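J.: Pasting a structure here, questions to come.
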Amino acid sequence: MGHWLAAQRAEQATGFIQRFDPAFWTVNFPRPMMAAVTTPAPDTVRVDAVFYRRDDLAGLIWESADRHDHPLLCYEEACDYRACQLSFRWRSAGVVALDAVNGPVLTIEGRDAAGQARAWYVRLWNYAQGTPTDARVTLDFAALDGGFALPGEADPVWAGDVDRMFVSLVAPGYGEQGGGALPMPVEGWAELSAIACTGSGAVLAIGDVVVPEHDLRIASGYDDSYHLTPQRLLRNALHLGYRGAIVHYVGMSHYFRLTAGGEAVTLAGGALNAACAAWHGDFARRAAVLGYDLIWSLSYELFDAHCPAAWKQRAADGSPALTGWVPPSTLLSPTCDPAMAYLRAVAAAFLAIGAAAGLAPHFQVGEPWWWVTPGAAARPCLYDASAVAAIAPAAIPDLRAALDAAQRATLDRAGAA
Numbered sequence: 428m429g430h431w432l433a434a435q436r437a438e439q440a441t442g443f444i445q446r447f448d449p450a451f452w453t454v455n456f457p458r459p460m461m462a463a464v465t466t467p468a469p470d471t472v473r474v475d476a477v478f479y480r481r482d483d484l485a486g487l488i489w490e491s492a493d494r495h496d497h498p499l500l501c502y503e504e505a506c507d508y509r510a511c512q513l514s515f516r517w518r519s520a521g522v523v524a525l526d527a528v529n530g531p532v533l534t535i536e537g538r539d540a541a542g543q544a545r546a547w548y549v550r551l552w553n554y555a556q557g558t559p560t561d562a563r564v565t566l567d568f569a570a571l572d573g574g575f576a577l578p579g580e581a582d583p584v585w586a587g588d589v590d591r592m593f594v595s596l597v598a599p600g601y602g603e604q605g606g607g608a609l610p611m612p613v614e615g616w617a618e619l620s621a622i623a624c625t626g627s628g629a630v631l632a633i634g635d636v637v638v639p640e641h642d643l644r645i646a647s648g649y650d651d652s653y654h655l656t657p658q659r660l661l662r663n664a665l666h667l668g669y670r671g672a673i674v675h676y677v678g679m680s681h682y683f684r685l686t687a688g689g690e691a692v693t694l695a696g697g698a699l700n701a702a703c704a705a706w707h708g709d710f711a712r713r714a715a716v717l718g719y720d721l722i723w724s725l726s727y728e729l730f731d732a733h734c735p736a737a738w739k740q741r742a743a744d745g746s747p748a749l750t751g752w753v754p755p756s757t758l759l760s761p762t763c764d765p766a767m768a769y770l771r772a773v774a775a776a777f778l779a780i781g782a783a784a785g786l787a788p789h790f791q792v793g794e795p796w797w798w799v800t801p802g803a804a805a806r807p808c809l810y811d812a813s814a815v816a817a818i819a820p821a822a823i824p825d826l827r828a829a830l831d832a833a834q835r836a837t838l839d840r841a842g843a844a
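Okay, so the sequence shown: first residue is 428 according to my numbering, each after it adds one.
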């Protein structure tokens, strides 16, 4: 079939969006916390977050350049904000409120009028009318001051060359006792609704290409798209001609709930963390409206730092199966009953989200393999305690070497398991 690997948009169709369109915000944060961004209404962007440590911070981000959409669908790069004004209604719970010392700040990163790289820190409470958890915020980028608004502290913003800006969200207890774990995980949220951008800089061009429907299907991965809105992800799939079923790999590093401090995965309170559940609920509902089927895909793989030691596949010397990711994931032993029960609970949670959205249940068991170590010797990881008890493996120092009958029988039992 014919194809074109497009690097940029030329004469193809173009539309327009309001700058600060909710669908194009992103979110980011440090491990082990979790956050997700969704669009409950056309003029609303929402962040759901789970905090485990006192120094956890989530950023709700607007970027001047579109780094995430297909080249035929991205919005134009526009770094000058001086001719626009942004207003929205702020509501929040479970995060530090607008009027607090560590309350939400709009960090603006770019360059000053002389071209020198710098950042400004705009306290949203200084531009709010209402209560600390329910207020109307109005920002005129031609007349903004950074700083806490103490006498002599005003730091005028020059918004003529901005790379990105983000609103910071932290949990109660932020920075206390020099960091460390919160006593219990904290779930919080913030919502910007009735978003309006006015002024001559309020409109951005955006690619509006619609590729005809074709026979190829698409896969997505939550670990690669956790920071985007589901609306944005599905817009790309739809406009690029993908229809039918989407294979959605739920990942191995962002879906789980963790114990206090973000130490280990847990089913207490449910299999999925609140941010992941919010994102996938929105994803499933939007997929159903667009006529997509979802095939939920879950692998025998889990982020190593949060995986219970007894669940891991292990080589004969006791070393855990570790992938090449940095930091690594590990492979769960198919013979370990608690590990398999955990995966079943996770699978059921995702299927329930799909069912609530009216989607038929489709599930894919992803990567049910025994790990083999890289390097000079290909050592199979068949020797965790549960595997030893279940399949009584013979020693196999190197899978690349000739195997005797006992070693081949070991592999047959491992395959059956």
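Glycine included, C-beta positions come from ideal geometry on N, C-alpha and C.
Values in this document were obtained by computation on a predicted structure and should not be read as measured data.
At which residues does the beta strand (DSSP E) containing methionine 461 begin and terminate?
T.: By one-based count along the sequence shown, residue 461 stands at place 34. From DSSP, the beta strand (DSSP E) with methionine 461 extends over 461-468.
J.: Does proline 765 come out as helix, strand or coil in the three-state DSSP assignment?
T.: Along the sequence shown, read from residue 1 onward, the residue named residue 765 stands at position 338. DSSP places proline 765 in helix when its eight states are reduced to three.
J.: Tell me which same chain residues have a C-beta within less than 6 Å of the C-beta of tyrosine 676, skipping the five on either side of it?
T.: Locating residue 676 in the sequence shown gives position 249, counting from the first residue. So the qualifying residues of the chain are Gly648 and Ser724.
J.: From this set, Leu571, Val630 and Ala623, which residue's C-alpha is nearest serine 491's C-alpha?
T.: Along the sequence shown, read from residue 1 onward, the residue named residue 491 stands at position 64. Of Leu571, Val630 and Ala623, the residue nearest in Cα terms is Val630.
J.: State whether the region 474-492 contacts the region 441-460, with contact taken as three or more CB pairs (one from each stretch) at a distance under 8 Å.
T.: Contact holds: three or more Cβ-Cβ distances are below 8 Å.
J.: What residues match up with histidine 430 in a beta bridge as DSSP calls it?
T.: Reading the sequence shown from its first residue, position 3 is the one you call residue 430. Bridge partners of histidine 430: none, in fact.
J.: Which of the three DSSP states, helix, strand or coil, is assigned to glutamine 834?
T.: Reading the sequence shown from its first residue, position 407 is the one you call residue 834. Three-state DSSP puts glutamine 834 in a helix.
J.: Helix, strand or coil, according to DSSP, for tyrosine 502 in the structure here?
T.: Taking the sequence shown and counting its residues from 1, one reaches residue 502 at position 75. If DSSP states are grouped into helix, strand and coil, tyrosine 502 belongs with the strands.
J.: Express the C-alpha separation of glycine 634 and alanine 433 in angstroms, rounding to a whole number.
T.: If you number the sequence shown from 1, residue 433 lands on position 6. If you number the sequence shown from 1, residue 634 lands on position 207. When rounded, the distance between both Cα atoms is 12 Å.
J.: With DSSP as the reference, label tryptophan 863 as helix, strand or coil.
T.: With the chain represented from 428 up to 844, any question about residue 863 goes unanswered, as that position is not in the structure.
J.: I'd like the list of long-range same chain contacts for alanine 672, defined as Cβ closer than 8 Å, with 5 residues on each side in sequence excluded.
T.: One-based indexing of the sequence shown puts residue 672 at position 245. Contacts found: Arg644, Tyr719, Asp720, Leu721, Ile722 and His789.
J.: State yes or no: is the C-beta of alanine 714 within less than 8 Å of the C-beta of tyrosine 502?
T.: Position 287 of the sequence shown, counted from the first residue, corresponds to residue 714. Position 75 of the sequence shown, counted from the first residue, corresponds to residue 502. No.
J.: Got a sec? Which residues, its chain only, sit under 7 Å from tryptophan 547 by beta carbon, not counting five neighbours each side?
T.: If you number the sequence shown from 1, residue 547 lands on position 120. Only Ile535, Gly573, Asp582 and Val584 meet the Cβ criterion.
J.: Please say whether alanine 812 and alanine 737 have beta carbons closer to each other than 8 Å?
T.: Within the sequence shown, residue 737 is the residue found at index 310, counting from 1. Within the sequence shown, residue 812 is the residue found at index 385, counting from 1. Closer than 8 Å, so yes.
J.: So what does histidine 675 bridge to, in DSSP terms?
T.: Within the sequence shown, numbered from 1, the residue matching residue 675 stands at position 248. Paired residue(s): Ser647 and Trp723.
J.: Is asparagine 529 near glycine 615, with beta carbons less than 8 Å apart?
T.: Stepping through the sequence shown from its first residue, residue 529 is reached at position 102. Stepping through the sequence shown from its first residue, residue 615 is reached at position 188. Their beta carbons are not under 8 Å apart, which means asparagine 529 does not touch glycine 615 by this criterion.
J.: Counting only the same chain and skipping the five closest in sequence on each side, list residues whose C-beta sits under 6 Å from that of alanine 544.
T.: Stepping through the sequence shown from its first residue, residue 544 is reached at position 117. So the list reads Arg538, once near-sequence residues are dropped.
J.: Can you find at least 3 beta carbon pairs, one from the region 759-774 and one from the region 702-711, that sit closer than 8 Å?
T.: Flag = no, the region 759-774 and the region 702-711 do not touch.
J.: Quick test of the definition: if touching needs 3 or more C-beta pairs under 8 Å, does the region 512-532 touch the region 605-625?
T.: The region 512-532, when compared against the region 605-625, does touch it at the 8 Å Cβ threshold.
J.: Please list, in chain order, all residues of the same chain as aspartate 561 whose beta carbon is under 6 Å from its beta carbon, the five residues on each side excluded.
T.: Here residue 561 corresponds to residue number 134 of the sequence shown, with the count starting at 1. If we look at aspartate 561 and ignore the five residues flanking it on each side, its Cβ neighbours are Arg518.
J.: Taking the beta strand (DSSP E) that valine 594 belongs to, which residues open and close that run?
T.: In the sequence shown, counting from the first residue as 1, residue 594 sits at position 167. Where valine 594 is concerned, the enclosing beta strand (DSSP E) stretches over 589-597.
J.: Looking only at C-alpha atoms, which of Ala836, Pro639 and Met679 sits nearest to proline 754?
T.: To locate residue 754, count along the sequence shown from 1; it is residue 327. Selected option, being the one with the closest Cα: Met679.
J.: Could you give the residue range of the beta strand (DSSP E) that holds asparagine 529?
T.: The residue you call residue 529 lines up with position 102 of the sequence shown. Where asparagine 529 is concerned, there is no enclosing beta strand (DSSP E), given that its DSSP letter is neither H nor E.
J.: Exposed or buried, methionine 592, counting other C-beta atoms within 10 Å across all chains shown (16 or more means buried)?
T.: Taking the first residue of the sequence shown as position 1, residue 592 is located at position 165. Per the 10 Å Cβ criterion, buried.
J.: Once the 5 residues before and after alanine 775 are set aside, which same chain residues still bring their CB inside 8 Å of it?
T.: By one-based count along the sequence shown, residue 775 stands at place 348. Closer than 8 Å at the Cβ level, and outside the excluded window around alanine 775, lie Ala698.
J.: Have a look at the DSSP bridge pairing and note the partners of valine 692.
T.: Mapped onto the sequence shown, residue 692 falls at position 265. According to DSSP, which records beta bridges pairwise, valine 692 is partnered with Leu685.
J.: Does the Cβ of alanine 586 have 16 or more other Cβ atoms within 10 Å, making it buried, or fewer, making it exposed?
T.: Counting from 1 along the sequence shown, the entry for residue 586 is found at position 159. By the 10 Å Cβ count, alanine 586 comes out buried.
J.: Please classify arginine 494 as buried or exposed, where buried requires at least 16 neighbouring CB atoms within 10 angstroms.
T.: Within the sequence shown, residue 494 is the residue found at index 67, counting from 1. With fewer than 16 Cβ atoms within 10 Å of its Cβ, arginine 494 is classed as exposed.
J.: Give the range of the alpha helix (DSSP H) segment to which isoleucine 823 is assigned.
T.: Here residue 823 refers to the residue found at position 396 when the sequence shown is read from its first residue. Taken as a continuous stretch (DSSP letters only), isoleucine 823 belongs to no alpha helix (DSSP H), as it is neither H nor E.
J.: Could you have a look at tyrosine 669 and say whether DSSP puts it in helix, strand or coil?
T.: Residue numbering aside, residue 669 sits at position 242 when the sequence shown is read from its first letter. It is coil, neither helix nor strand.
J.: Closer than 8 Å by C-beta to proline 765: which residues in its own chain qualify, once you throw out the five before and the five after it? Chain order, please.
T.: By 1-based counting over the sequence shown, the position of residue 765 is 338. Once the five neighbours on either side are set aside, the close Cβ partners of proline 765 are Pro735, Ala737 and Trp738.
J.: Nearest CA to the CA of aspartate 636: which residue from Leu826, Leu551, Cys506 and Asp496?
T.: Here residue 636 refers to the residue found at position 209 of the sequence shown. The amino acid occupying residue 636 in the given sequence is valine; aspartate does not appear at that position. Considering only alpha carbons, the answer is Asp496.
J.: On a CA-only basis, which of Gln435, Ala540, Pro449 and Ala782 is nearest leucine 500? Give me that one, please.
T.: Taking the first residue of the sequence shown as 1, we reach residue 500 at position 73. Here the closest residue by C-alpha is Gln435.
J.: On the three-pair Cβ rule with 8 Å, is the region 563-571 touching the region 442-453?
T.: The answer is no - the region 442-453 does not touch the region 563-571, with fewer than three Cβ pairs under 8 Å.
J.: Based on Cα-Cα distance, which residue from Ala485, Thr453, Val597 and Leu484 lies nearest to valine 472?
T.: Position 45 of the sequence shown holds residue 472. Ranking the options by Cα distance to valine 472, first place goes to Thr453.
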